[in-house]
Amino acid sequence: MLETFDAEAVRRWCAAGLESLRLHQQEIDQLNVYPVPDGDTGTNLVLTVASAQQAIANDAVNGGDDSGGVLRLMSRGALLGARGNSGVIVSQLLRGMADALVDAGAVRGRALAEALGEAATAARAAVAKPVEGTILTVASAAAEGATATGSDDLDAVARSAAGAAARALARTPEQLPALARAGVVDAGGRGLCVLLDALVAVVTGQEVVSAPVTVRRPVIAARETGSSEYGYEVQYLLDADSASVDRLRATLADLGDSLVVVGAEPTWNVHVHVNDVGAAIEAGVEAGRPHRITVTRFEDQAPPLDPDGRGAVVVAAGPGLVELFGGEGARVIGANPSTAEILDAVLATRAGRVVVLPDDPDTQAVAGAAAREAQARGVRVSVVPTRSPVQALAALAVRDAGRGFEDDVIAMAEAAGACRYAEVCYASREALTMAGRCRPGDVLALVEDEVHIIGTELGQTCLDLLDRMLGGGGELVTLLLGDGAPPGLGDELSEHLTQRWPFVEVQIYDGGQPTYPLLVGIE
1 MLETFDAEAV
11 RRWCAAGLES
21 LRLHQQEIDQ
31 LNVYPVPDGD
41 TGTNLVLTVA
51 SAQQAIANDA
61 VNGGDDSGGV
71 LRLMSRGALL
81 GARGNSGVIV
91 SQLLRGMADA
101 LVDAGAVRGR
111 ALAEALGEAA
121 TAARAAVAKP
131 VEGTILTVAS
141 AAAEGATATG
151 SDDLDAVARS
161 AAGAAARALA
171 RTPEQLPALA
181 RAGVVDAGGR
191 GLCVLLDALV
201 AVVTGQEVVS
211 APVTVRRPVI
221 AARETGSSEY
231 GYEVQYLLDA
241 DSASVDRLRA
251 TLADLGDSLV
261 VVGAEPTWNV
271 HVHVNDVGAA
281 IEAGVEAGRP
291 HRITVTRFED
301 QAPPLDPDGR
311 GAVVVAAGPG
321 LVELFGGEGA
331 RVIGANPSTA
341 EILDAVLATR
351 AGRVVVLPDD
361 PDTQAVAGAA
371 AREAQARGVR
381 VSVVPTRSPV
391 QALAALAVRD
401 AGRGFEDDVI
411 AMAEAAGACR
421 YAEVCYASRE
431 ALTMAGRCRP
441 GDVLALVEDE
451 VHIIGTELGQ
461 TCLDLLDRML
471 GGGGELVTLL
481 LGDGAPPGLG
491 DELSEHLTQR
501 WPFVEVQIYD
511 GGQPTYPLLV
521 GIE
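With the first letter of the sequence shown counted as 1, position 182 gets the number 182 in the UniProt record's numbering; the numbers rise by one all the way through.
So this is what it looks like as structure tokens:
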């Protein structure tokens with residue numbers, strides 16, 4: 001039995017908590033009703049705590065022998081890897097504990113109780129509109145239970161916190177009508193109880209079995225009134241200063257609910273439920289630099305996997321691209337994803353047949369690995385080898401649920417293959433290309449990954465690129481403007497195409513993609 005909660009104990013708690021969450025992942029997913037019944041709270045908590053554990057492993061030296069230091073690493077990792085509302089709140093629980101235990105020395109019972117109190121306060125402060133009957137209520141109960149012991153005994157405090165949390169969890173259906181209707185307790189609160197049981201196991205050295213919660217009936221329930229108005233979950237990391245984040249909070253509060261903005265300069269984690277995805281992302285752009293943007297479209301119910309259901313997952317970087325693909329009904333994940341991230345997105349569609357559009361040659365192998373893993377879980381996945389977002393747009397445009405899945409995949413692949421793609425960027429170093437030698441700062445126009453034009457001025461290079469590509473034919477031109485595109489570039493290109501190629505249809509979107517001021521697709 002431990003007498004102090006030292007750095008090694010924190011590391012063991014993180015590992016034990018992650019293992020226990022994985023054991024209870026499906027159970028917690030099935031409980032998920034509030035704030036929306038999307039059935040992913042268990043999954044989100046596992047991914048969040050896994051990110052916390054990875055942060056400890058990656059930076060063990062800086063964690064040192066101080067429990068507060070290791071908790072700080074955990075909270076930072078959880079913040080950057082937080083998934084969903086529950087994941088963001090758990091990251092703040094860890095931050096509160098870390099703040100309380102900075103330079104605390106030997107952490108005994110009273111210090112742990114104080115840390116749990118700070119954790120509950122930090123989590124509640126992070127939520128724009130706290131709701132009782134959620135993980136916040138369970139966290140507050142755990143803190144109150146720990147403090148009520150008045151003991152400096154680590155074992156007594158940990159057990160009291162876990163017991164009080166369990167009792168509060170059992171009362172959550174009395175506080176939220178959505179839980180009562182579904183016959184379940186709060187999913188996020190259940191996840192916190194699992195973590196507290198893991199804490200007791202680490203402190204006592206004895207295995208603590210976190211008894212599963214029985215779901216009275218399948219969770220296919222109406223959404224809580226406060227969230228039924230909003231159809232999308234938007235989450236992203238944001239590099240910004242505190243003043244900009246304060247303005248962002250006010251803007252997002254007017255757009256939706258379930259608003260949580262947490263972190264500290266320079267990196268924040270933003271989570272909100274909205275109907276206007278573009279406005280939520282644009283607010284982030286105005287505040288700073290959003291990245292790792294994810295958009296999830298909620299369903300009115302959380303049914304089990306639909307074997308005949310269709311889904312689409314697109315890899316994209318840029319606020320405008322996220323909005324475009326989200327509007328096409330696709331689940332969008334950020335650039336350079338891991339196999340696990342693609343798999344998670346595939347499974348989150350709850351469809352038995354899913355197409356993945358990687359939009360990058362380097363991501364195709366990762367997408368293939370995710371497809372094989374999904375196949376082992378009963379989900380048919382086809383990877384359409386798109387190499388550019390413009391090809392993904394072409395593929396999604398011909399998607400037809402009335403066709404057989406195989407025929408639909410073939411049609412999407414043919415549409416993508418028929419779309420010639422190009423991009424414009426700046427050379428970062430001297431190199432010998434197919435078009436000659438380029439030097440840093442030159443404007444490069446690449447057609448299907450090969451440099452065709454080396455220019456000195458962005459606008460003229462873009463015009464030359466369009467003329468060269470349309471010289472080979474084409475009826476539809478799609479232009480995606482990047483975050484480096486100067487004002488007026490879209491108008492300049494549109495006017496040129498209208499005058500020089502009057503029979504061509506032109507579509508221009510603000511993609512917001514990094515690195516490439518312009519992406520071009522010609523069909």
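Every residue, glycine too, gets a C-beta built ideally from N, C-alpha and C.
Let me know if Ser338 comes out buried or exposed under the rule of 16 or more other beta-carbons within 10 Å of its beta-carbon.
Around the C-beta of Ser338, fewer than 16 other C-beta atoms lie within 10 Å, and the residue is accordingly described as exposed.
Near Leu136, what residues of its chain come up, given a Cβ to Cβ distance below 8 Å and the 5 sequence neighbours on each side ignored?
Ile89, Ala120, Ala123, Arg124, Val127, Pro130
Please name the residue in Val398, Phe405, Ala371, Leu497 whose C-alpha comes closest to that of Leu479.
Leu497
Cα-Cα separation between Glu286 and Asp153, rounded to whole angstroms
Approximately 50 Å between the Cα atoms of the pair.
Cα separation between Pro307 and Phe503?
The alpha-carbon atoms of Pro307 and Phe503 are separated by roughly 44 Å.
Can you tell me whether Val102 is buried or exposed, with buried defined as 16 or more other CB within 10 angstroms of its CB?
It counts as exposed.
What is the rounded straight-line gap between the Cα of Leu493 and the Cα of Val274?
33 Å
Taking the beta carbon of Met434 as the centre, do at least 16 other beta carbons fall within 10 Å, making it buried, or is it exposed?
exposed
If we call anything under 9 Å between Cβ atoms a contact, is Val70 one with Arg110?
no
So the candidates are Thr386, Val355, Asp362; which of them puts its Cα closest to the Cα of Val379?
Val355
Buried or exposed for Tyr516, going by 16 or more other Cβ atoms inside 10 Å?
buried
At which residues does the alpha helix (DSSP H) containing Leu101 begin and terminate?
From DSSP, Leu101 is part of no alpha helix (DSSP H); its letter is neither H nor E.
Member of Ile56, Val46, Gln30, Ala394 whose CA lies at the smallest distance from the CA of Glu19
Val46
Who are the near neighbours of Gly133 in its chain, counting only those whose CB is closer than 7 Å to its CB and skipping five residues on each side?
Thr172, Gln175, Leu176, Leu179, Asp186
Alpha helix (DSSP H) runs wholly inside the region 42-125, at least 4 long, in chain order:
Complete alpha helix (DSSP H) runs here, min 4: 60-63, 67-81, 84-100.
Decide yes or no for the touch test of the region 386-406 against the region 310-327: beta carbon pairs closer than 8 Å, at least 3 of them.
Cβ pair count under 8 Å is three or more, so yes.
So what does DSSP say about Gln507, is it helix, strand or coil?
Looking at Gln507 - three-state DSSP - the assignment turns out to be strand.
Using the rule of at least 16 other Cβ atoms within 10 Å of the residue's Cβ for burial, across every protein chain shown, is Arg95 buried or exposed?
buried
Bridge partner(s) assigned by DSSP for Leu519:
Glu423, Leu480
How do the region 187-195 and the region 251-268 stand: do at least 3 beta-carbon pairs fall below 8 Å, yes or no?
no
I'd like to check one pair, Arg83 with Asp40: are the Cβ atoms closer than 9 Å?
yes
Which same chain residues end up closer than 8 Å to Ala9 when comparing Cβ atoms and leaving out the 5 residues on each side of it in sequence?
Scanning its chain for C-beta atoms nearer than 8 Å, with the 5 sequence neighbours on each side dropped, one finds around Ala9 the residues Leu2, Ser67, Val202, Val203, in chain order.
In whole angstroms, what separates the C-alpha of Ala374 from that of Ser428?
38 Å
Using a Cβ-Cβ cutoff of less than 8 Å, which residues in the same chain neighbour Gln54 once the five nearest sequence positions on both sides are dropped?
Gly77, Gly81
Between Glu448 and Arg420, how many whole angstroms is the CB-CB distance? I'm expecting something under 8 Å.
7 Å
Might you give, ordered along the chain, the residues of its own chain that have their beta carbon closer than 6 Å to the beta carbon of Leu248, omitting 5 neighbours on each side?
Ala283, Ala287
Going by the DSSP bridge assignment, what does Trp268 pair with across the sheet?
Leu238, Gly263
Contact defined as beta carbons within less than 8 Å: I believe Leu446 pairs with Leu481. What is the distance between those atoms, to the nearest angstrom?
Not quite, the Cβ-Cβ distance comes to about 17 Å (not below 8 Å), so this is no contact.
Between which residues of its own chain and Thr225 is the CB-CB distance below 6 Å, once the five residues before and five after are set aside?
Annotation note: pLDDT 31 at Thr225 (below 50); position unreliable, no value reported.
Arg217 classed as buried or exposed, judged by whether at least 16 other C-beta atoms fall within 10 angstroms
Because Arg217 sits at a pLDDT of 38, beneath the cut-off of 50, its placement in the model cannot be relied upon, and the point is left open.
State the Cα-Cα distance for the pair Asn336 and Thr363, rounded to the nearest angstrom.
7 Å
Pro290: buried (16+ other C-beta within 10 angstroms of its C-beta) or exposed?
buried
Could you give the distance in angstroms between the alpha-carbon of Asp464 and the alpha-carbon of Gly473?
15 Å
Please report the straight-line C-alpha distance between Pro514 and Leu444, rounded to a whole angstrom.
15 Å
Find out if the Cβ-Cβ distance for the pair Thr149, Ala100 is shorter than 9 Å.
no
Using only alpha-carbon positions, find the residue among Gly455, Arg377, Ala348 that is nearest to Cys438.
Gly455
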